[in-house]
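Numbering (my numbering), first residue to last: 54 to 263.
Pasting the structure below:
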């Protein structure tokens, strides 16, 4: 998935997002063709606000139809839709707008609502998307991981095929990079930890991304 920062900061004069030429010199369509040629799917990122969380590219607020058709024309298969730089409009209004735009784009695109668990998204996300973030960002500690997992016990009942609770990823690599003294301890726990995380994610009917 091409996460935040894949696009230029400014839109074109016609209002389109364009790929950052330094990062993706051949453009997103060429990237999608390459990824599909490997038998994989391509995901893109945007936000239900005026800018994305990095503040390095524009969000899709007010440009939902244009962006959805643009993503579809490139061959995108997945959209992570974040919640930064919002305008005060409720999440229950902004996120369904992109849902409708994607449905009218002419291409099936998996829609992941990264709403951070505001307004109990698990209770209404299934009407708009295929998965939804039920929590905020994770902290790189065992307690931080449990703080993200445990609240989802209450939301398991809302998950169904094509509509899943989603939690922020737990990344061992993040711990290795930012906490060198922890590397040895976590490395010895890695097989157990990965198995336990997978079991817990299944129990709360949450998606797991690799």
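Glycine is no exception: its CB is placed at the ideal position from the N, C-alpha and C atoms.
Among residues of its own chain, excluding the 5 on either side of residue 97, which ones have a beta-carbon nearer than 6 Å to its beta-carbon? Counted from its first residue, the chain shown places residue 97 at position 44. Contacts found: 55, 124, 129, 132.
At which residues does the alpha helix (DSSP H) containing residue 186 begin and terminate? Locating residue 186 in the chain shown gives position 133, where the first residue counts as 1. Residue 186 -> not in any alpha helix (DSSP H); beta strand (DSSP E) instead, spanning 184-186.
Helix, strand or coil at residue 134 [DSSP, three-state]: Translated into the one-based positions of the chain shown, residue 134 becomes position 81. Three-state result, residue 134: strand.
Nearest neighbour of residue 185, chosen from 159, 70, 212 [CA to CA]: Taking the first residue of the chain shown as position 1, residue 185 is located at position 132. Here the closest residue by C-alpha is 212.
Residue 155 - DSSP class collapsed to helix/strand/coil: By one-based count along the chain shown, residue 155 stands at place 102. It is helical.
Which of helix, strand or coil does DSSP assign to residue 242? For the purposes of this step, residue 242 is taken as residue 189 along the chain shown, with counting starting at 1. For residue 242, the pLDDT reaches just 44, beneath the cut-off of 50, and the residue's location in the model is therefore unreliable, although a value from the coordinates is still provided. In this structure, residue 242 counts as helix in the three-state DSSP scheme.
Limits of the alpha helix (DSSP H) - the one that residue 126 falls within: Your numbering for residue 126 matches position 73 in the chain shown. 117-127 is the extent of the alpha helix (DSSP H) around residue 126.
Within 10 angstroms of its Cβ, does residue 157 collect 16 or more other Cβ (buried), or is it exposed? Taking the first residue of the chain shown as 1, we reach residue 157 at position 104. Exposed, because fewer than 16 other Cβ atoms sit within 10 Å of the Cβ of residue 157.
Whole-angstrom distance between residue 169 and residue 187, CA atom to CA atom: Translated into positions along the chain shown, residue 187 becomes position 134. Translated into positions along the chain shown, residue 169 becomes position 116. Rounded to the nearest angstrom, the two C-alpha atoms are 6 Å apart.
Neighbour flag for residue 142 against chain B, beta carbons, 8 Å: Absent from the structure: chain B. Only one protein chain is present.
Let's see if you can read the secondary structure: which residues bound the beta strand (DSSP E) around residue 201? On the chain shown, position 148 is the one that residue 201 refers to. It is not in any beta strand (DSSP E) - residue 201 instead sits in the alpha helix (DSSP H) that spans 195-202.
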